[in-house]
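Student:
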Amino acid sequence: MSNNKTGKIGVLLVNLGTPDTPQTPDVRKYLREFLLDKRVIDINPLGRYALVNGVIAPFRAPKSAKIYQQLWTERGSPLLYHGLDLKQKLQASLGDAYHVAFGMRYQKPSIKSALEELREKSVRRIIVFPLFPQYASATTGSVHDKIMEIVKDWWIIPSMNFISSYCNDPGFIGAFAELGKKYMAEDNYDHVVFSYHGVPERQILKGSDHGYCKLGSCCNSYNKRNQYCYRASCFETSRQLAKALGLQDDQYTVAFQSRLGKDPWLQPYTDDVLKTMPAKGIKKVLAFSPAFVADCLETTVEVGEEFKEMFEHAGGERWQLVESLNSNDAWVEAMKQLVLQH
Numbered sequence: 002m003s004n005n006k007t008g009k010i011g012v013l014l015v016n017l018g019t020p021d022t023p024q025t026p027d028v029r030k031y032l033r034e035f036l037l038d039k040r041v042i043d044i045n046p047l048g049r050y051a052l053v054n055g056v057i058a059p060f061r062a063p064k065s066a067k068i069y070q071q072l073w074t075e076r077g078s079p080l081l082y083h084g085l086d087l088k089q090k091l092q093a094s095l096g097d098a099y100h101v102a103f104g105m106r107y108q109k110p111s112i113k114s115a116l117e118e119l120r121e122k123s124v125r126r127i128i129v130f131p132l133f134p135q136y137a138s139a140t141t142g143s144v145h146d147k148i149m150e151i152v153k154d155w156w157i158i159p160s161m162n163f164i165s166s167y168c169n170d171p172g173f174i175g176a177f178a179e180l181g182k183k184y185m186a187e188d189n190y191d192h193v194v195f196s197y198h199g200v201p202e203r204q205i206l207k208g209s210d211h212g213y214c215k216l217g218s219c220c221n222s223y224n225k226r227n228q229y230c231y232r233a234s235c236f237e238t239s240r241q242l243a244k245a246l247g248l249q250d251d252q253y254t255v256a257f258q259s260r261l262g263k264d265p266w267l268q269p270y271t272d273d274v275l276k277t278m279p280a281k282g283i284k285k286v287l288a289f290s291p292a293f294v295a296d297c298l299e300t301t302v303e304v305g306e307e308f309k310e311m312f313e314h315a316g317g318e319r320w321q322l323v324e325s326l327n328s329n330d331a332w333v334e335a336m337k338q339l340v341l342q343h
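In our numbering, the protein residues as written are 2 to 343.
(1) Within 7 Å: the Cβ of L36 and any heavy atom of the ligand COA?
(2) If distances are taken between C-alpha atoms only, which option among T74, R76, G305 and N54 comes closest to V194?
(3) Going by C-alpha distance, which of E150, D264 and A335 is nearest P201?
(4) According to DSSP, is K153 part of a helix, a strand, or is it coil?
(5) In whole angstroms, what is the alpha-carbon distance linking Q135 and R126?
(6) Run the CB neighbour count on P291, radius 10 Å, all protein chains shown included, and call it buried at 16 or more, exposed below.
(7) Using 8 Å as the Cβ pair cut-off and three pairs as the minimum, do the segment 251-263 and the segment 167-187 touch?
(8) Would you kindly report the start and end of the unbroken alpha helix (DSSP H) that includes I174?
(9) Within the same chain, show all residues whose beta-carbon is closer than 6 Å to that of W266, passing over the 5 residues directly before and after it, in chain order.
(10) Roughly how far, in whole angstroms, is the beta-carbon of F130 from the beta-carbon of L37, given that I think they are within contact range, below 8 Å?
(11) Leaving out the 5 sequence neighbours to the left and right, which residues in its chain are closer than 8 Å to V102 when beta-carbon positions are compared?
(12) Take every Cβ of the segment 275-290, pair it with every Cβ of the segment 58-75, and state whether three or more of those distances are shorter than 8 Å.
(13) Apart from the five residues just before and just after T140, which ones in its own chain have a Cβ nearer than 6 Å to its Cβ?
(14) Pairs of beta-carbons, one from the segment 145-160 and one from the segment 210-229, closer than 8 Å: are there three or more?
(15) Here's the rule: buried if 16 or more other CB atoms are within 10 angstroms of the residue's CB, otherwise exposed. What is K64?
Printed below as a string of structure tokens:
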């Protein structure tokens, strides 16, 4: 593809964020920025400020720092270097008519710096591509919110397209299924678990289309009334992945991880579910984390290590995590097609 006279199209890739280093002060700084987001902890501002600065950041930062230290590599945080690799590969795939930038919702590289990069290139249009397949107010919604907050001060605002959800995109599903089939060819698994990052139930209900959401059978189909419901999107991704993997309904489970606090979050909880499986004869489990397209603390450590330990302690024999899409070629091609569609 060659550039045209009206300028390039900008593509803004955005992921959640990561501390600058795995040391406690930087982890604390990251947690504060992340958890003070009104879309992440959606309570009154004074209560959120007191909770984050008085309880969560001081006490959670040292524990999280130890986990980040396990996760860190010579290249730094996986979430960051996988994002940079993806940017480079997508740029090569799209060609000179596009300029791809990468930013994080929290910490560095920032969304603001990525937008400035695109503005300096005088792009005629920006396609915003959050790296969250299933829409949630706390992730995709927060990214869109931040971008609009930044560009409102620009004198010239180019046309912008926001990709809000691709939970059942054939390319996305196919890329993840391809990774799973590799493990299924190596061993016979008794069951598959699709584990998604949880959110408080109240956040699902707040986004419901005129009371459509009942946190139950309303997610049995994916339609115009629940297309931006995170829970419905997770079940839709699972159905499509199960179909691509050749699984029957009783061969997989959808569950939710990483809950925080005492309020009810989306259920069932992955850690509770996996502990009951060995007693039911489920000894070998293949686990996916389809809410994440890049490996990070929640995939590598929580699902890959902590859940494995819990499963084996309960009597399980094998718990195998399917790695995230990261920057593999099938995912790059899927992203290219999504960009071209928008």
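In this text, a Cβ means the ideal position worked out from N, Cα and C, and glycines have one as well.
Tutor: In terms of the structure at hand:
(1) Absent from the structure shown: the ligand COA. Ligands present: none.
(2) G305
(3) D264
(4) coil
(5) 24 Å
(6) buried
(7) no
(8) P171 to M185
(9) G199, P201 and R260
(10) The pair is not a contact, with the Cβ atoms about 25 Å apart (cut-off 8 Å).
(11) Just to set this straight, residue 102 is Ala in the shown sequence, not Val. Same-chain partners within the cutoff: G11, V12, L13, L14, K88, A115, L116, E118 and L119.
(12) no
(13) If you ignore the 5 residues before and after T140, its C-beta comes within less than 6 Å of the C-beta of F133, all in its own chain and listed in chain order.
(14) The segment 145-160 and the segment 210-229 do not touch, with fewer than 3 CB-CB distances between them shorter than 8 Å.
(15) exposed
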